[in-house]
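Residue numbers (this note's numbering), protein chains in the order written: chain G, 7 to 331; chain V, 6 to 505.
Beta carbons are placed, not taken as given, at the ideal position from N, Cα and C, and that holds for glycine.
Following this line, the structure appears as structure tokens:
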């Protein structure tokens, strides 16, 4: 009897030790940087630019884990299943953490279950059109669509993606009739945009667009912002249009933890990311792939920004009735 | 003339000792993982991606390309030896390849696969070098309506895949179509038949279904019936093709290469049809059509040539525009981005060494593949001489490792076992798994293209007949179906189907 009790006590003590040791970001522990998409995509590229430097800063091994599926939902659920000890950092964006739960009733988590550590990158958006569309800027597209006599088909990378919601918002504000044509990701959508099956699409800027425009595979109509962007300064912006001068949006990526992660751990990770994002090589590599590195903010500011984004997108999706029937 | 200079530049890049070395590493790795059931090229390349950052960009891409076509070839090895297709494209190879292996002709079957693949690879490398940009533009003639009609044609042709009853084949195709419905609906985002399980949100993975239906199903059948366990290796006759084999391979290889090259240009699912289409074509035009399904060399040469041609041509949109036609191409684009190269139309002009070096390496890689694999055939054949009570646990373990590596999820293993049982039951009912897998692959694509066409046409179904290309494809599908179903043809059909 005694023996068994001491064994149980020993086990309990061991468990307690184990958990207290895990609660720290001490050296020797592996940190996982979770990317909610398969390897090879843009978010994976960002993670692999950041991970080596983050490893140096933290003095701990940082592994990039790719877990695609359910539009990032599988990875988000995996984060919620791990202990809130900061050892899994989720590199996410509004697409999977805010919009998935807002627009898809099958996604069971909520944005409030995540803690925003800091923003890392921002990507400007561009309005693209099929190469033979008889419209060369934002106002001409709107005029063309109004005269078309039937709904204008536009492509997006999937139902409930930011680009789907922004395109619907654009149509609503300009009073256009549109048909949403969803695709499984950007690659098949580009194929149909270049082939002329869909008329327009909103997507994050990529350096290859210029070459594709020269090859007459697509047409860039303008930056989805009030001001032009330095990547292509000669391209006009929505701010210069007569129809929608206030239409200004971007997609961003940030680092997230479980919402119940202790403050000291979140602070430490916030500082480590800040240090990483200051490295000139990291910034140069991110800029080269078309992302703008964002200066790290305080934890409080990051959380406030995240909550503002949730409120904004909640409003947009509620107004438009995006709920899937 | 300029083209020759370009090819020369490419060759001079591809045959530097260092790039030749990486090509060899890639092809070897690719073959090795292709032979392990379930482990695919995209998982392997994803794992190796970080390791390639230290390499020169062109070396990294040459190695990845080597893994890609090495795995394409390795997948046929298991299809032939143990009836286990690791890739969608080698499902058809298993039909006649496994029958040949059981008759003691595994060596000749493997050699036929290697030689026809090499031929197709060589032809397509030349095609890519000469015509990549115009072929890219050809792909844009295919919109959603054309893709849908192409899939209909593929499905109509697939009825001939059956070696038994035509009713059973149709039932299996429909069951496959239904299994393809599981997962998130692209058009509404709603989840179908997922029962709230996040693991089913993206549907069943092809590898899991194939491992279960073919791998596990075959093992259960072999364990049940002792006489099946002898894999026919006691009477191994010759490892190399005979003069007769060479003669019979020639025309199917040419037909398969042509069909595969044409379908491979289409990034929206053309390559998936290539090997099925080539097999169906042989059933119609080959002089030995009656032997197909019982271990005819035509049934290996044609689909193998077609799938290798399709795989090679799928590089075109990636090279010329930076559009990935499959997950492996997406990974190669990712590797370029991380190396600081912007994929897209600029690559050809700005990085001629990389562009032409990669193209030339495809041919070099195909040579290495042939040189590496012909001597290995003897080794592979000896592998199936291992007594079955040692062999089958190994196959199960490798299937399990492969399936687990897809998304590190034990749930996938349970699904694989479920499909194994289903495969066994269907086998008892004389239903073949190949038509089911074809329906499973084509179903979701067909639905997606059908609904997309109708969305764009505002619900007007006449788009399928008013767009000329689509109308031609649909007319062909009707012709193929008429040939199968019209009584005047039923006599020839019976001959073709009742052989098995």
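Judged by beta-carbon spacing, residue 303 (chain G) lies beyond the 8 Å limit of residue 97 (chain G), meaning their Cβ atoms are not closer than that value. Ranking V:347, V:63, V:162 by CA distance to the CA of residue 488 (chain V) puts V:162 first. Exclusion of the five residues before and after residue 94 (chain V) leaves 280, 312 as the residues of its chain whose Cβ lies within less than 6 Å of its Cβ.
The beta carbon of residue 214 (chain G) falls within 8 Å of a beta carbon belonging to chain V, placing the residue at that interface.
Within the segment 137 to 153 of chain V, those residues whose Cβ lies closer than 8 Å to any Cβ of chain G are, in chain order, 144, 145, 146, 147, 148, 149. Under DSSP, residue 131 (chain G) shares a beta bridge with G:210. If you ignore the 5 residues before and after residue 150 (chain V), its C-beta comes within less than 7 Å of the C-beta of 458, 468, 469, 472, 475, all in its own chain and listed in chain order. According to DSSP, residue 243 (chain G) shares a beta bridge with G:229. The beta carbon of residue 110 (chain G) sits closer than 8 Å to some beta carbon of chain V.
Sequence-distant Cβ neighbours of residue 253 (chain V) in its own chain, meaning closer than 7 Å and more than five residues away, are 293, 302, 303. Judged by DSSP in its simplified three-state form, residue 259 (chain G) adopts strand. Distance check between residue 138 (chain G) and each of G:132, G:92, G:147 places G:147 closest, using alpha-carbon atoms only.
If the five residues before and after residue 92 (chain V) are omitted, its C-beta is found closer than 6 Å to the C-beta atoms of 80, all from its own chain and listed in chain order. By the Cβ neighbour-count rule, residue 8 (chain V) is exposed, with fewer than 16 other Cβ atoms within 10 Å of its own. The beta carbon of residue 207 (chain V) sits closer than 8 Å to some beta carbon of chain G. It is roughly 25 Å from the alpha-carbon of residue 484 (chain V) to the alpha-carbon of residue 144 (chain V). Here DSSP, grouped into helix, strand and coil, assigns residue 222 (chain V) to helix. Within chain G, the residues whose beta carbon sits less than 9 Å from that of residue 412 (chain V) are 73, 74, 75, 80, listed in sequence order. Shown here, residue 394 (chain V) sits in a helix according to DSSP, grouped into three states.
Judged by beta-carbon spacing, residue 66 (chain V) lies beyond the 8 Å limit of residue 422 (chain V), meaning their Cβ atoms are not closer than that value.
Residue 287 (chain G) and residue 51 (chain G) have their C-alpha atoms roughly 14 Å apart.
In the DSSP assignment, the residues bridged to residue 160 (chain G) are G:186, G:206.
Per DSSP, residue 468 (chain V) lies in no beta strand (DSSP E); the unbroken alpha helix (DSSP H) holding it starts and ends at 468 to 471. The segment 77 to 85 of chain G and the segment 35 to 49 of chain G touch, with no fewer than 3 CB-CB distances between them shorter than 8 Å. At least one beta carbon of chain V lies nearer than 8 Å to the beta carbon of residue 196 (chain G). Contact annotation: residue 19 (chain V) and residue 319 (chain V) have beta-carbon atoms that are not nearer than 8 Å. Beta bridge pairing from DSSP links residue 264 (chain G) with G:120. For residue 41 (chain G), DSSP records a beta bridge to G:72. If you draw a 10 Å sphere on the C-beta of residue 415 (chain V), you find fewer than 16 other C-beta atoms in it, and that means exposed. The alpha helix (DSSP H) runs lying completely inside the segment 429 to 490 of chain V and spanning 4 residues or more are 438 to 461, 468 to 471, 473 to 490, given in chain order. In its chain, beyond the 5 residues on either side, 93 have a beta carbon closer than 6 Å to the beta carbon of residue 211 (chain V). Contact residues of the segment 153 to 171 of chain G toward chain V are 156, 157, 159, 164, 165, 166 (C-beta to C-beta distance below 8 Å). For residue 276 (chain G), the CB contacts under 6 Å within the same chain, skipping 5 residues up- and downstream, are 123, 124, 305 in chain order.
Distance from residue 213 (chain G) to residue 296 (chain G) at the Cβ level is roughly 5 Å; contact confirmed, criterion being Cβ atoms closer than 8 Å. Between the segment 28 to 39 of chain V and the segment 72 to 91 of chain V, the count of C-beta pairs closer than 8 Å reaches three or more; the two stretches touch. Residues of chain V whose Cβ lies closer than 7 Å to the Cβ of residue 218 (chain G) are, in chain order, 326, 349, 350.
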